[in-house]
Amino acid sequence: MSKQILITGGAGYIGSHTTVSLLEAGHEVVIIDNLSNSSIESINRIQLITGKSPIFIEGDIRDTDLLDRIFTKFNIEAVLHFAGLKAVGESVEDPIKYYSNNVCGSLSLFQAMAKADVFRLVFSSSATVYGEPDNMPISEDFLTGTPTNPYGKTKLVVEQIIADLVQADRRWSIASLRYFNPVGAHPSGLIGEDPQGIPNNLLPYISRVAIGELAELSVFGNDYATPDGTGIRDYIHVVDLAKGHLKSLHAIFHKTGMYIWNLGTGKGYSVLEMIAAFEKASGKSIAYRIAPRRAGDIAECWANPSKAAEELLWEAELGLDDMMIDTWRWQSSNPQGYDS
Ligand code: NAD
Ligand code: WQD
72 MSKQILITGG
82 AGYIGSHTTV
92 SLLEAGHEVV
102 IIDNLSNSSI
112 ESINRIQLIT
122 GKSPIFIEGD
132 IRDTDLLDRI
142 FTKFNIEAVL
152 HFAGLKAVGE
162 SVEDPIKYYS
172 NNVCGSLSLF
182 QAMAKADVFR
192 LVFSSSATVY
202 GEPDNMPISE
212 DFLTGTPTNP
222 YGKTKLVVEQ
232 IIADLVQADR
242 RWSIASLRYF
252 NPVGAHPSGL
262 IGEDPQGIPN
272 NLLPYISRVA
282 IGELAELSVF
292 GNDYATPDGT
302 GIRDYIHVVD
312 LAKGHLKSLH
322 AIFHKTGMYI
332 WNLGTGKGYS
342 VLEMIAAFEK
352 ASGKSIAYRI
362 APRRAGDIAE
372 CWANPSKAAE
382 ELLWEAELGL
392 DDMMIDTWRW
402 QSSNPQGYDS
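Residue numbers (my numbering): 72 to 411.
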């Protein structure tokens, strides 16, 4: 009987790119997604890119009966867990929604996995769990901090639950991947990030200015202690991130315990550098104005990615130009995202 990988949130931005990587590597994939922040069209596009079809189940990971049915029907050998909500501002306004989706959802999944004797898991964590470290770059042995918003706290809580799980039962084998700032799109231009409403994140916002849907970008603060005064982040191409998942999945296959890996490039770019790089790649001029700092933002954040390089033999290969060219290809050929 063939085996499958279950991908929660596989219709979403990072999950869809990772599904492509898994299908291309010969894995069979079952996706569960409630489409609360994604479109079924992404599944059709995955098929167009790979010539293969993931099995798609529309449903919520908090539906424990549905999870039990999935684990009974399929021969799941590992789970990649992307499903969750990620809008920082919304999490401040509606913390219950975030703790319910991200924490209760994860608990429901872990319970169903244990019941089905499936103990391999790759979890989507975030660099936000480091809080505001004193030094850069950030290594995995830095203490976790206090995230400034409920979204970030849900990631930290789930990491703590995972640490307790592996202590309690030695059969668990879990990778917690701390992403830095995922950007870019598949080079086919068929799948990419499709935020609903006004984007919160920098590059989706810049892209919407470029297609004329938004008038100008607000640069949140130019008085940080950075070379040009604007915030610095470690932007990582989503295709590199997807490959990092594949390597992590293979790495945990014959181990047990909890493994934390940073997935970043090790390079930081400022907001102004990002605008200039996007303008170069797209040939579009981006109108912007300097605005006050955004609450909860930190001045700089970039990874020391050497642990993943040594232990997973994974390194980000794509640079800033690829991130910008691929973002622009996706945005310009799908101006309304999957509704285009
Ligand atoms: P996304 O919103 O595009 O994808 C998440 C998917 O999960 C969506 O398709 C959504 O419909 C689905 N979903 C949400 N709640 C669900 C539920 N209860 N049951 C079933 N499906 C549900 O987001 P993404 O950018 O692809 O992020 C994937 C994961 O990575 C998330 O857990 C996110 O918190 C984490 N992460 C993202 C970033 C980032 O900047 N994109 C950074 C760090 C961590
Ligand atoms: C990047 C830089 C902004 C928008 C967030 C979450 C984090 C993770 C990734 C996961 C900062 C500046 C932004 C704009 C701007 N989420 N900016 N104008 O804040 O590093 O991380 O997304 O799921 O948990 O906190 O990413 O893209 O919002 O901001 O000047 O309109 O761009 O101040 O310096 P951030 P971002």
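Cβ coordinates follow ideal geometry from the N, Cα and C atoms, glycine included.
Since this is a predicted model, take the numbers as computed values, not measurements.
1) For a test of your reading of the model: does the CB of residue 317 fall under 8 Å from any non-hydrogen atom of the ligand NAD? Yes or no.
2) With hydrogens ignored, establish whether the beta-carbon of residue 273 is closer than 8 Å to any heavy atom of the ligand WQD.
3) According to DSSP, residue 75 sits in a beta bridge with which residue or residues?
4) Is there contact here, the region 366-380 with the region 199-211, by at least three beta-carbon pairs under 8 Å?
5) What separation, rounded to the nearest whole angstrom, lies between the Cα atoms of residue 144 and residue 137?
6) Going by the DSSP bridge assignment, what does residue 368 pair with across the sheet?
7) Considering Cα atoms alone, identify which of 112, 200, 186 and 212 is closest to residue 405.
8) What residue from 298, 369 and 343 has the CA that sits closest to residue 358's CA?
9) Determine the direct distance from the alpha carbon of residue 239 to that of residue 258, and round the result to whole angstroms.
10) Determine which residues share a DSSP beta bridge with residue 328 and list them.
11) Pull the bridge partners of residue 129 from the DSSP assignment, please.
12) Please determine whether the Cβ atom of residue 198 lies at a distance below 8 Å from any heavy atom of the ligand WQD.
13) Got a sec? Which residues, its chain only, sit under 6 Å from residue 254 by beta carbon, not counting five neighbours each side?
14) If we ignore side chains and look at the alpha-carbon of each, how far apart do residue 336 and residue 236 end up?
15) If I'm right that residue 183 touches residue 142 with Cβ under 8 Å, what's the distance once you round it to whole angstroms?
16) Taking only three categories from DSSP, how would you classify residue 185?
17) Tell me, please, which residues DSSP counts as bridged to residue 138.
18) With a threshold of 8 Å (Cβ to nearest heavy atom), would residue 276 be considered close to the ligand WQD?
19) From residue 169 to residue 225, what does the alpha carbon distance come to, in whole angstroms?
20) At the level of alpha carbons, what is the spacing between residue 296 and residue 370?
21) Excluding sequence positions up to five away, which residues of its chain have a Cβ less than 6 Å from the Cβ of residue 318?
22) Restricting to Cα atoms, I'd like to know which of 151, 179 and 104 is closest to residue 139.
23) Quick one: grab the DSSP three-state call for residue 222.
24) Looking at residue 116 and the ligand NAD, is the gap between the Cβ and the nearest heavy atom below 8 Å?
25) For residue 125 and residue 79, which I take to be in contact (beta-carbon distance under 8 Å), what is that distance rounded to the nearest angstrom?
26) Among all the DSSP beta bridges, which residues are the ones paired with residue 253?
This is what the structure holds:
1) Here residue 317 corresponds to residue number 246 of the sequence shown, with the count starting at 1. Residue 317 has its CB no nearer than 8 Å to any heavy atom of the ligand NAD.
2) Taking the first residue of the sequence shown as position 1, residue 273 is located at position 202. Yes; taking the cut-off as 8 Å, the Cβ of residue 273 has a heavy atom of the ligand WQD nearer than that.
3) Position 4 of the sequence shown, counted from the start, is the residue given in the question as residue 75. 99 and 147.
4) A contact exists between the region 366-380 and the region 199-211.
5) Residue 144 sits at position 73 when you count from the first residue of the sequence shown. Residue 137 sits at position 66 when you count from the first residue of the sequence shown. Approximately 10 Å between the Cα atoms of the pair.
6) For the purposes of this step, residue 368 is taken as the residue at position 297 of the sequence shown. As DSSP reads the structure, residue 368 sits in no beta bridge.
7) By one-based count along the sequence shown, residue 405 stands at place 334. From the listed residues 112, 200, 186 and 212, the smallest Cα separation to residue 405 is found for 112.
8) For this step, residue 358 is matched to residue 287 along the sequence shown. Ranked by how close their Cα comes to the Cα of residue 358, the residues 298, 369 and 343 have 343 in first place.
9) Against the sequence shown, residue 258 aligns to sequence position 187. Against the sequence shown, residue 239 aligns to sequence position 168. Approximately 43 Å, taken between the alpha carbons.
10) For the purposes of this step, residue 328 is identified with residue 257 of the sequence shown, where counting begins at 1. As computed with DSSP, residue 328 is found in a beta bridge with 244.
11) Along the sequence shown, one-based indexing puts residue 129 at 58. When beta bridges are read from the DSSP output, residue 129 appears opposite 104.
12) Numbered from its first residue, the sequence shown carries residue 198 at position 127. Because some heavy atom of the ligand WQD lies under 8 Å away, the Cβ of residue 198 counts as near it: yes.
13) Counted from its first residue, the sequence shown places residue 254 at position 183. Closer than 6 Å at Cβ, skipping near neighbours: 274, 306 and 394.
14) Mapped onto the sequence shown, residue 336 falls at position 265. Mapped onto the sequence shown, residue 236 falls at position 165. Going by the C-alpha atoms only, they are around 30 Å apart.
15) Counting from one through the sequence shown, the residue named residue 183 turns up at place 112. Counting from one through the sequence shown, the residue named residue 142 turns up at place 71. Confirmed, about 6 Å.
16) As a first step, residue 185 is located in the sequence shown; it is residue number 114 there, counting from the start. Note: residue 185 maps to helix in three-state DSSP.
17) As a first step, residue 138 is located in the sequence shown; it is residue number 67 there, counting from the start. Looking at the DSSP output, residue 138 sits in no beta bridge, so it has no partner there.
18) Here residue 276 refers to the residue found at position 205 of the sequence shown. Because some heavy atom of the ligand WQD lies under 8 Å away, the Cβ of residue 276 counts as near it: yes.
19) By one-based count along the sequence shown, residue 169 stands at place 98. By one-based count along the sequence shown, residue 225 stands at place 154. Rounded to whole angstroms, residue 169 to residue 225 spans 7 Å at the Cα level.
20) As a first step, residue 296 must be located in the sequence shown, where it is residue number 225. As a first step, residue 370 must be located in the sequence shown, where it is residue number 299. Whole-angstrom Cα-Cα distance: 7 Å.
21) Taking the first residue of the sequence shown as 1, we reach residue 318 at position 247. Here the set comprises 383 and 385.
22) On the sequence shown, residue 139 is found 68 positions in, with the first residue counted as 1. Here the closest residue by C-alpha is 179.
23) Translated into positions along the sequence shown, residue 222 becomes position 151. It is helical.
24) Residue mapping note: residue 116 aligns to position 45 of the sequence shown, counting from 1. Flag unset: Cβ of residue 116 not near the ligand NAD.
25) Locating residue 125 in the sequence shown gives position 54, counting from the first residue. Locating residue 79 in the sequence shown gives position 8, counting from the first residue. Incorrect: roughly 12 Å between the Cβ atoms, too far for contact.
26) Taking the sequence shown and counting its residues from 1, the one referred to as residue 253 is at position 182. DSSP lists 307 as partners of residue 253.
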